[in-house]
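Student: The structure under discussion is supplied below as structure tokens; questions concerning it will follow.
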Amino acid sequence: MMTVSRRETRALRSSDDVVRVRQAVRQWAMAQGFSLVDQTKMVTAASELARNTVDYGGGGNVLLEALNEGSRRGLKLTFSDQGPGIADIELALRDGYTSGSGLGLGLGGARRLTNEFAIDSTPGGGTRVTITRWQCGDRR
Amino acid sequence: MERIPILQMGPFLLVSIQVDMHDQLAMTLQDDLTEQIVKARAKGVVIDISSLEVVDSFIGRILGNMAAMARVLDAETVVVGMQPAVAITLVELGLSLPGIRTALNIEKGMALLRHKLDAGGHRC
Ligand SMILES: Nc1ncnc2c1ncn2[C@@H]1O[C@H](COP(=O)(O)OP(=O)(O)O)[C@@H](O)[C@H]1O
Ligand SMILES: [Mg+2]
Chain A
44 MMTVSRRETR ALRSSDDVVR VRQAVRQWAM AQGFSLVDQT KMVTAASELA
94 RNTVDYGGGG NVLLEALNEG SRRGLKLTFS DQGPGIADIE LALRDGYTSG
144 SGLGLGLGGA RRLTNEFAID STPGGGTRVT ITRWQCGDRR
Chain V
429 MERIPILQMG PFLLVSIQVD MHDQLAMTLQ DDLTEQIVKA RAKGVVIDIS
479 SLEVVDSFIG RILGNMAAMA RVLDAETVVV GMQPAVAITL VELGLSLPGI
529 RTALNIEKGM ALLRHKLDAG GHRC
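Shown next as structure tokens:
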């Protein structure tokens with residue numbers, strides 16, 4: 044059975060918040076026993092999604108959840124905003140696609156860097172991106 | 429205003445990024461570096477990222493922009509000290525830092541630049 048041992052919401056309004064969320068994710072990943080590489084992958088994915096929330100979603104928040112399932116431990120992050128949403132999710136996920144001035148690697152990169160990835164977005168209805176990574180890169 | 433220092437070492441500039449940069453700081457660094465390359469007539473730039481525990485696509489873009497601007501001003505850029513965990517993560521992120529040379533540490537980065545300068549400053 045999967046349980047959530049800790050849960051916390053953080054605001055994402057500015058570039059400073061992105062830095063703070065990176066630091067929080069690092070601490071949580073460490074506390075969950077992630078290796079240095081696993082921590083770095085999760086923090087990098089979080090940084091990409093946090094920036095998208097601020098830059099494209101007009102700000103929002105991230106829910107951090109520490110997961111326990113038997114002996115394995117994971118970290119789940121849910122980024123939510125009430126921004127314009129994403130009309131074409133497949134296009135947005137494509138490497139190199141950006142509607143701004145980015146490198147277009149954030150969504151695709153976050154998907155590759157995590158074990159579970161989901162986007163829920165409707166034009167005008169905001170965006171929610173959820174990522175989960177398990178300790179030791181355990182892919183079930 | 430908070431700034432990342434740029435040191436001059438002979439014909440080269442050394443930038444040590446030691447903080448988790450927020451966007452404004454990164455943009456300021458980009459502008460400062462361009463200005464310094466011109467002012468010092470620098471022939472090369474070493475960017476030390478050994479303190480960076482995370483390099484995301486935003487920082488990757490800033491590094492790429494700095495290298496591209498340096499190139500236009502006829503200066504080579506070498507990024508040094510990338511942590512192994514960061515390097516592994518960059519591959520999965522899909523960021524290849526095209527056109528950026530890397531070296532193990534500041535010393536090796538400087539040696540690389542010096543070698544190029546001695547060779548006549550031509551890029552090969
Ligand atoms: N939270 C969001 N709200 C609205 N659009 C988004 C959001 N996140 C991503 N997008 C869209 O998806 C595109 C790709 O995002 P990403 O892969 O992170 O690349 P980049 O940030 O470099 O543009 C963005 O340019 C934007 O159009
Ligand atoms: Mg992005």
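If you're matching them up, the sequences are chains A and V in order.
The first sequence begins at 44 in the numbering used here and counts up by one.
The second sequence begins at 429 in the numbering used here and counts up by one.
Backbone N, C-alpha and C define an ideal beta-carbon position, used for all residues, glycine too.
Quick caveat, the model's predicted, so the values are computed rather than measured.
Can you pull the chain V residues whose beta carbon is under 8 Å from the beta carbon of residue 123 of chain A, in chain order?
Tutor: Residues of chain V passing the Cβ test: none, with the nearest at roughly 20 Å.
Student: I want to see whether chain V comes within less than 8 Å of residue 142 of chain A, judged by CB atoms only; does it?
Tutor: It does not: the Cβ of residue 142 of chain A has no partner Cβ on chain V nearer than 8 Å.
Student: How many angstroms separate the CA atom of residue 531 of chain V from the CA atom of residue 538 of chain V?
Tutor: Distance between the alpha carbons of residue 531 of chain V and residue 538 of chain V: 9 Å.
Student: Relative to chain A, which residues along the stretch 520-537 of chain V have a C-beta separation below 7 Å, given in chain order?
Tutor: For the stretch 520-537 of chain V, which is checked against every Cβ of chain A, the residues closer than 7 Å are 520, 521, 522, 523.
Student: Starting from the Cα of residue 47 of chain A, find the closest Cα among A/148, A/54, A/110 and give me that residue.
Tutor: When each option's Cα is compared against that of residue 47 of chain A, the closest is A/110.
Student: The alpha helix (DSSP H) that contains residue 492 of chain V, what's its start and end?
Tutor: Where residue 492 of chain V is concerned, the enclosing alpha helix (DSSP H) stretches over 485-500.
Student: Which of helix, strand or coil does DSSP assign to residue 183 of chain A?
Tutor: For residue 183 of chain A, the pLDDT reaches just 41, beneath the cut-off of 50, and the residue's location in the model is therefore unreliable, leaving the point undetermined.
Student: Within the 8 Å Cβ cut-off, does residue 90 of chain A reach chain V?
Tutor: Answer yes: the Cβ-Cβ gap between residue 90 of chain A and chain V drops below 8 Å somewhere.
Student: Under DSSP, the beta strand (DSSP E) around residue 66 of chain A begins and ends at which residues?
Tutor: Element bounds for residue 66 of chain A: not the beta strand (DSSP E) but the alpha helix (DSSP H), 58-74.
Student: Let's test the definition: count the other Cβ atoms within 10 Å of the Cβ of residue 449 of chain V and tell me whether it reaches 16, buried, or not, exposed.
Tutor: Answer is buried; the Cβ neighbour count reaches 16.
Student: Output needed for residue 508 of chain V: all residues of its chain with C-beta closer than 8 Å, excluding positions within five of it in sequence on either side, in chain order.
Tutor: So the list reads 474, 475, 476, 477, 478, 530, 531, 532, 533, 534, 536, 537, once near-sequence residues are dropped.
Student: Between the alpha carbons of residue 146 of chain A and residue 140 of chain A, how many angstroms are there, rounded?
Tutor: Residue 146 of chain A and residue 140 of chain A: Cα-Cα distance of roughly 7 Å.
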